[in-house]
Every structure is written in structure tokens, then in C-alpha cells.
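Visitor: My questions all concern the structure below.
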Amino acid sequence: MFAIAAETVTSWGLYVLLPVFIAFLFFIIWDLSRKSNAGRAGTFWMFLALGAGFVGFIIKVLIEMAFERWFI
Numbered sequence: 073m074f075a076i077a078a079e080t081v082t083s084w085g086l087y088v089l090l091p092v093f094i095a096f097l098f099f100i101i102w103d104l105s106r107k108s109n110a111g112r113a114g115t116f117w118m119f120l121a122l123g124a125g126f127v128g129f130i131i132k133v134l135i136e137m138a139f140e141r142w143f144i
């Protein structure tokens with residue numbers, strides 16, 4: 073009845089739902105730094121340490137898109 077291809081589910085999950093989840097995690101980091109009175113330096117280090125993995129993932133997706141567009 074509601075047949076959805078696996079590729080469609082994967083692309084929605086990767087390009088829509090995962091960025092929403094990452095944005096929510098950035099909100100959690102911001103809220104955690106605000107509630108712990110981390111200050112500017114503490115907030116910076118929290119975002120740097122906890123957000124580095126998210127930024128790495130986004131860069132990986134952008135590199136994959138660039139390779140698909142220009143090299144393959």
C-alpha cells in the first residue's frame with residue numbers, strides 16, 4: 073500500500089532528519105552552557121569539542137556531493 077524505496081528513506085534520513093537532529097544537539101549544547109554559567113570561553117570550548125563531529129559530518133557530505141558532481 074505505502075511502498076517507499078529504501079533509497080528514498082535513506083536520502084530523507086541523511087539529508088533532512090539528520091541535520092534537524094544535529095541542530096537540536098547544538099541547541100542542547102547551547103542550553104547546557106547557559107545553565108552551567110560556562111561564560112564565553114567555556115561555551116566556545118563546548119561548541120568546539122562537541123560540535124567538531126557534526127561539522128566533520130557536514131564537510132563529508134559536501135565533499136561527497138562535490139565528487140559526484142565534478143569527478144564521477
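Position in the sequence shown counted from 1, then plus 72, gives you the numbering used here. By construction, the Cβ of each residue, glycine as well, lies at the ideal position given by its N, Cα and C atoms. Predicted model only: the values in this text are computed from it and were never measured.
1) Using 10 angstroms around the beta-carbon of S105, count the other beta-carbons present and answer buried if the total reaches 16, otherwise exposed.
2) State the DSSP-derived secondary structure class of F116, mapped to helix, strand or coil.
3) According to the Cβ coordinates, are F98 and G125 closer than 8 Å?
4) Measure the CB-CB distance between I101 and M118 and report whether it falls below 8 Å.
Guide: Taking the coordinates as given:
1) In the sequence shown, residue 105 corresponds to position 33, counting from 1. Counting Cβ neighbours within 10 Å, S105 comes out buried, since at least 16 surround it.
2) As a first step, residue 116 is located in the sequence shown; it is residue number 44 there, counting from the start. The answer is helix: DSSP assigns F116 an H, G or I state.
3) The residue you call residue 98 lines up with position 26 of the sequence shown. The residue you call residue 125 lines up with position 53 of the sequence shown. No.
4) Here residue 101 corresponds to residue number 29 of the sequence shown, with the count starting at 1. Here residue 118 corresponds to residue number 46 of the sequence shown, with the count starting at 1. Result yes, Cβ atoms of I101 and M118 sit closer than 8 Å.
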